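Shown next, in structure tokens, is the structure this report addresses.
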Amino acid sequence: MHSCGVPQRARTGACSVRRMAESSDAATASAPAADAPMFIPRNAFHRLQRMLWVLLDDPSSSLFAKVLQCFMMLVILLSIIAFTIASTPSEAWYSDVWANITTGELIVGSNTSNRPPGTFYYDSPRLLLTEVDENRTPFREIETFCIMVFTAEYVLRLLASPAGPGILHYIFNLANIIDLISIMPWYIEIAASGSGLDVLSVLRLIRLTRITRIFKMSKNFQGLLVLFTTLRKSAAALLMLFAFMAIFSILFATLIFTFEGAVEYDEHRMQYVRPDGSASPFESIPHSVWWTIVTMTTVGYGDQVPVTDAGKFVAIVTMFCGLVVLSLPITIIGANFDEEYRIVKKEKQDQQEQQSQLHRTSTSSVFSKGLTTPSKASDSIKEGETRRGDAAA
1 MHSCGVPQRA
11 RTGACSVRRM
21 AESSDAATAS
31 APAADAPMFI
41 PRNAFHRLQR
51 MLWVLLDDPS
61 SSLFAKVLQC
71 FMMLVILLSI
81 IAFTIASTPS
91 EAWYSDVWAN
101 ITTGELIVGS
111 NTSNRPPGTF
121 YYDSPRLLLT
131 EVDENRTPFR
141 EIETFCIMVF
151 TAEYVLRLLA
161 SPAGPGILHY
171 IFNLANIIDL
181 ISIMPWYIEI
191 AASGSGLDVL
201 SVLRLIRLTR
211 ITRIFKMSKN
221 FQGLLVLFTT
231 LRKSAAALLM
241 LFAFMAIFSI
251 LFATLIFTFE
261 GAVEYDEHRM
271 QYVRPDGSAS
281 PFESIPHSVW
291 WTIVTMTTVG
301 YGDQVPVTDA
311 GKFVAIVTMF
321 CGLVVLSLPI
331 TIIGANFDEE
341 YRIVKKEKQD
351 QQEQQSQLHR
361 TSTSSVFSKG
371 LTTPSKASDS
381 IKEGETRRGD
391 AAA
């Protein structure tokens with residue numbers, strides 16, 4: 001369990017209440033968490049760091065924090081939709097990539113007139129491929145806007161991290177590493193294209209990392225956080241599932257290869273054939289493992305099909321064993337998910353009750369101060385009258 005300030009939104013009850021307590025004058029001396037020291041603002045800059053961290057990390061802290069969270073979610077969705085639509089052929093631009101036969105230098109353009117300096121016509125540029133350019137208007141502008149917003153959020157959270165988990169904890173946190181991975185490829189692509197380096201071979205790999213922006217949304221969805229917590233808690237069940245799948249995959253792959261596999265290689269047809277001369281898709285035991293996994297999971301692509309009676313019997317046994325092997329660990333994972341969901345729901349209810357109690361305590365404190373002031377004044381008046389009566393006597 002992380003202390004207050006660490007972005008673990010699946011369990012935010014204690015942290016949110018502590019942040020509310022820190023914002024009130026009556027609870028500034030509340031005890032910090034046991035696993036991390038409390039951040040004590042020493043000057044105006046520290047107070048600004050604390051306000052900024054709570055604003056960016058706790059959407060329930062204020063109305064503006066909720067609006068900011070909704071804005072970030074919209075930007076993430078806009079970025080995902082933009083680079084998804086930009087990959088369609090109807091929305092993409094195309095550039096012909098030529099290569100100079102003499103020098104081997106690449107020439108990107110739509111015709112052969114785009115030649116590097118110092119080359120001649122007899123160099124005969126050769127067309128290599130037609131590249132899809134996804135950075136066209138308006139997708140280039142949308143990508144730039146989204147990257148600027150993501151960069152600003154990352155930098156602001158980094159500057160405010162001393163008031164939260166600390167700089168090192170923030171940098172090496174998995175969610176923040178995902179944020180950085182989703183931002184850096186854009187800057188790498190800009191720097192590489194500006195320096196004239198050959199990035200055609202790695203351009204697609206760099207752009208592929210943009211898919212990590214989907215995981216940015218998981219920080220704001222409690223259900224996904226519960227799912228990740230469940231998978232981490234069910235590591236033993238998942239390991240058992242993979243072990244069972246590996247054992248039965250090799251077992252049934254060996255059986256299906258024995259009954260359906262080819263016994264000889266036809267050089268004329270250049271493929272393995274069964275004794276009756278028909279082609280066999282079960283070329284080896286590793287090739288048969290693919291069929292075993294597809295059959296055990298009841299997917300059944302149909303690219304590899306047994307034709308003999310023995311092979312069909314092996315397929316039936318494989319299906320039934322797959323149902324049993326998958327059902328047992330899935331039951332454990334489902335039970336863990338139900339338990340984690342109950343815990344999160346209980347903590348959310350506790351958070352609401354603590355917030356209501358804090359509000360009632362603050363209201364009663366103000367009300368009691370308003371009542372004690374007149375009573376003290378009346379006591380002082382009575383005391384003054386008593387003193388004047390004693391003096392007259």
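Quick note: the sequence shown uses UniProt numbering, first residue 1, plus one each step. Glycine included, C-beta positions come from ideal geometry on N, C-alpha and C. Bear in mind that the values here come from a model prediction, so they are computed numbers and not experimental data.
Using the C-alpha atoms, what's the distance from residue j back to residue i?
i: residue 458; j: D266; result: Lying before the first or after the last residue shown, residue 458 is absent from the chain, which here runs from 1 to 393.
i: P185; j: R210; result: 8 Å
i: R42; j: L158; result: 19 Å
i: S62; j: L55; result: 7 Å
i: residue 454; j: K345; result: Since the first and last residues shown for the chain are 1 and 393, residue 454 lies out of range.
i: I190; j: G223; result: 36 Å
i: F83; j: T331; result: 38 Å
i: D338; j: T229; result: 11 Å
i: F313; j: T292; result: 13 Å
i: A27; j: F242; result: With a pLDDT of 36 at A27, under the threshold of 50, the predicted position of this residue should be treated as unreliable, though the coordinate-derived value follows. Those two C-alpha atoms are separated by around 51 Å.
i: I178; j: Y154; result: 11 Å
i: H46; j: P165; result: 14 Å
i: A192; j: W290; result: 40 Å
i: F150; j: T212; result: 13 Å
i: Q357; j: A163; result: 26 Å
i: L174; j: I316; result: 43 Å
On a Cα-Cα basis, can you pick out the residue from the options that is closest to residue i?
i: F139; options: Q355, A86 and D309; result: A86
i: F282; options: G311, M296, T298 and T297; result: G311
i: I214; options: M72, W53 and Q357; result: M72
i: D57; options: L156, T144, E340 and I81; result: L156
i: I81; options: C146, A44 and M51; result: C146
i: H268; options: E260, G261 and G277; result: G277
i: S327; options: R274, Q354, T298 and L74; result: T298
i: S288; options: T308, E260, R360 and D309; result: E260
i: I247; options: M148, T318, Q357 and E353; result: T318
Tell me, please, which residues DSSP counts as bridged to residue i.
i: Y272; result: Y265
i: A160; result: According to DSSP, which records beta bridges pairwise, A160 is partnered with nothing at all.
i: A279; result: V273
Which same chain residues end up closer than 6 Å to residue i when comparing Cβ atoms and leaving out the 5 residues on each side of it in sequence?
i: I285; result: A253, T254 and F257
i: Q271; result: A279
i: Y341; result: V226
i: M240; result: P329
i: L238; result: none
i: A29; result: Here the model assigns A29 a pLDDT of 35, short of 50, so the residue's position is not dependable, and the following value carries that caveat. For A29, where only same-chain residues beyond five positions count, there are no Cβ hits under 6 Å.
i: A65; result: L55 and P59
i: P117; result: Bear in mind that the predicted position of P117 carries a pLDDT of just 48, short of 50, making it unreliable; the figure below should be weighed with that in mind. For P117, where only same-chain residues beyond five positions count, there are no Cβ hits under 6 Å.
Give every residue of the same chain whose Cβ lies closer than 7 Å to the Cβ of residue i, excluding the five residues on either side of it in the sequence, and list them in chain order.
i: S234; result: I332, I333 and N336
i: L78; result: I142 and C146
i: K216; result: I76, I178, D179 and S182
Closer than 8 Å by C-beta to residue i: which residues in its own chain qualify, once you throw out the five before and the five after it? Chain order, please.
i: I167; result: L158 and S161
i: S249; result: V289, T292, I293 and M296
Original post:
For the segment 227-253, which segments carrying the alpha helix (DSSP H) assignment without a break, of at least 4 residues, lie completely within its bounds, in sequence order?
Top reply: none
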